[in-house]
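Here the structure comes first, spelled out in structure tokens, and everything after it is commentary.
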Amino acid sequence: MCLGPIYTIELTENDMKKMLKYVCWIFDMVCDKGLQYYFEGRDEEFIRKEKDRIMVLACVRFLHLVAVMDIGKPELKQTRVNRALEHLKELQGKVDTLETRF
């Protein structure tokens with residue numbers, strides 16, 4: 854199965870800070886049930902799967918960015934890393950890996 858060409862993108866530290874801020878926002882929105890407007894009128898199965906999918910994407914991206922960057926307050930970063938790892942452990946095997954590619 855061919856997914857197309859793979860491109861390498863050089864990111865500046867500023868780009869990565871913006872990405873980290875965005876990922877933290879997604880992560881917090883899902884954790885804090887802030888996506889209710891997105892799920893209005895949808896069935897429970899869709900909501901569960903979509904929340905799991907979004908959470909896996911956010912956790913994986915967050916952990917990747919934290920691994921390559923040294924920004925933010927260490928205690929806050931550690932708390933978020935621990936939350937991300939907890940959620941990934943809970944979601945292990947629940948989400949189709951093809952759905953989580955980015």
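Residue 854 is where the sequence shown starts when you use my numbering, and the numbers rise one by one after that. Glycine included, each C-beta is placed from N, C-alpha and C at the ideal position. Just so you know, these numbers come straight off a predicted model, no measurement behind them.
In the three-state DSSP reduction, arginine 895 falls in the coil class, being neither helix nor strand. Alanine 911 and glycine 894 have their C-alpha atoms some 24 Å from each other. CA-CA distance, aspartate 896 to leucine 941, rounds to 23 Å.
If you draw a straight line from the Cα of phenylalanine 899 to the Cα of arginine 933, it is about 26 Å long.
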